[in-house]
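Below is one structure, written out as structure tokens; comments come after it.
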Amino acid sequence: MSQTTPELSDCYDVLACGFGPASLALAIALVEPSPNPTPTYSSLGGLQEALGRASSPDKDAQRSRAAERGPLKACFIEKQEQFKWHPGMMLEGSNMQISFLKDLATLRNPQSAYTFLVYLASFTPSRLVSYISRETFTPSRREFSDYLAWAARKVEGDLATQGGQVAFGEEVVAVEAVVGNESSDVRILKVTSRDVKTGATTERFTRNIVLSTGGSPRLPHHLSTPDIEASGRVIHSSAFLDRIHPALDSLTAPLPASRALRVAVLGAGQSAAETFLALRDAIASHLPADVEHRPQIDLLIRSATLRPADDSASTNEVFDPGMSQAVYGVDSTGRSVMLQAAKATNYSVANPHTLAAMYETLYAQQVEVDIATRDNASFAKINRDPKLAIRPFIELTGARPPASADAPLTLELWHSATSLRSSDEYDLVICGTG
């Protein structure tokens, strides 16, 4: 706890740790005026009213105080050296799962200069008409990522005009309460950040702090041991594009001719499903022309089958702004109940289009095998197309590191439906485990 009281002019109104999409949307809301909100229709209105009855703030009073106060001075501290959004998952052909209208600004202010439609029109020539001709609400993940980066660059300049900043390449290492000389009340916080390159530290003061650091990749604890991590044989889906090709280079070169390359994908969500499909082309591009054994890609899931995400209109209303505000005022127990009820919208589920593509791929591969087998034809072409397989009811119960540089990793697996246990060898494991 510090007793150093900063000058008011040196103190930020808001300081955010992290500058991902959530903080980016906050920054935009701070630099542009918002129209007076109008009530929004929702079939969940009754639930929203019940949840928010005891906690809804006085909106008119808030707007009045904001008008008197003027623009807020804000700082955003981000560890990355530039704005990046899931760079390791920009897979070819991957699309957003939500409408572009749920961008950084449209729902708050449809006339904002930061909407996805304004982004499309910012190019010369404009892509707006071409995008409309596509007749889809879901842009590619690559395009939406570029929209976010465009908005980040734009808002950085607008923040500066209000005395704010975005500090890239810094990580927050400490937050301390500052106690005034005349009162023990904590009204100011001292935030210390460190430059990720030089190690130099910077102190900033703020009246309010926002934690927006995002999630951290989760690996099964059996695959998080030092010896397994040191082998480089386990890749989290968030780093898929960054690591998959170097990993395959190192695996396919010394691979013995006596066995096939085997890769396991763990998880039943969208990232696991996408990497499962993407591995097919990635591995094929690294195979020698005369490969003798067909590579195998196994998707290991705990459940009986992959489940589609519930993206129905009624279910999507749990993400409405009014619903978010209502849940914000609920205690931790109530919030847990609400999150559990909405789990089918985002956890261990995949987009129906991705699941359809997966099924078609599996079926098409079987067609080729059946025809070649019936005609007693060469399997040379088939061997260059990695075989996809889904293994249900599988639980990971242990793992052993490779015994040598060209040896596989061993996974200890339990089949929950039969209670059978097995030790299966894989050269590489991809974790789409959240």
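Going by my numbering, the first residue of the sequence shown is number 7, and it counts up by one from there. Just so it is clear, CB atoms sit at the ideal spot from N, CA and C, and this is done for glycine as well.
With fewer than 16 other beta carbons inside 10 angstroms of its own, N214 counts as exposed. Rounded to whole angstroms, the separation of the alpha carbons of G273 and A279 is 8 angstroms. Residues of the same chain with a CB within less than 8 angstroms of the CB of T212, apart from the 5 flanking positions on each side, are C17, Y18, D19, V20, L21, C81, I194, L195, V197 in chain order. For the options Q103, S309, D201, the alpha carbon positioned closest to that of D316 is the one of Q103. The shortest C-alpha to C-alpha distance from T351 to any of F325, S342, Y369, M364 is the one to F325.
Taking 3 residues as the minimum length, the beta strand (DSSP E) runs contained wholly in the stretch 227-289 are 240-242, 268-272, in order along the chain. S256 and A236 have their C-alpha atoms roughly 14 angstroms apart. The beta-carbon distance between A127 and Y120, rounded to whole angstroms, is 12 angstroms. This is too long to meet the 8 angstroms contact definition. In this model, K108 and A259 are separated by some 46 angstroms (Cα to Cα). Secondary structure within the stretch 390-420: the beta strand (DSSP E) runs of 3 or more consecutive residues, fully enclosed, are 393-397, 400-406 (chain order). Under the DSSP assignment, V343 falls in the alpha helix (DSSP H) whose first and last residues are 338-347.
Annotation: the stretch 104-192 contains the following complete segments of the beta strand (DSSP E) (minimum length 3 residues), in chain order: 171-174, 176-185. Of L419, V179, G221, E162, the smallest CA-CA separation from L305 is found for L419. Sequence-distant Cβ neighbours of P145 in its own chain, meaning closer than 6 angstroms and more than five residues away, are M102, F106. Between the C-alpha atoms of S243 and G186 there is a straight-line separation of about 47 angstroms.
Using a C-beta cut-off of 8 angstroms, the stretch 330-345 makes no contact with the stretch 424-431, since fewer than three inter-stretch Cβ pairs fall below that distance. In this structure the stretch 132-151 does not touch the stretch 161-179; the number of beta carbon pairs closer than 8 angstroms is below three. Within 10 angstroms of the beta-carbon of D201 lie fewer than 16 other beta-carbons, which makes it exposed.
L154 places its beta carbon 8 angstroms or farther from that of L261. Within its own chain, the residues whose Cβ lies closer than 8 angstroms to the Cβ of L134, once the five positions on either side in sequence are excluded, are L123, L126, A127, listed in chain order. In this structure, the beta-carbon distance from H228 to G404 falls below 8 angstroms. Distance from the Cα of G328 is smallest, within the candidate group L113, S118, E98, for L113.
Just measuring C-alpha positions, the residue of I396, L78, V216 sitting nearest A310 is I396.
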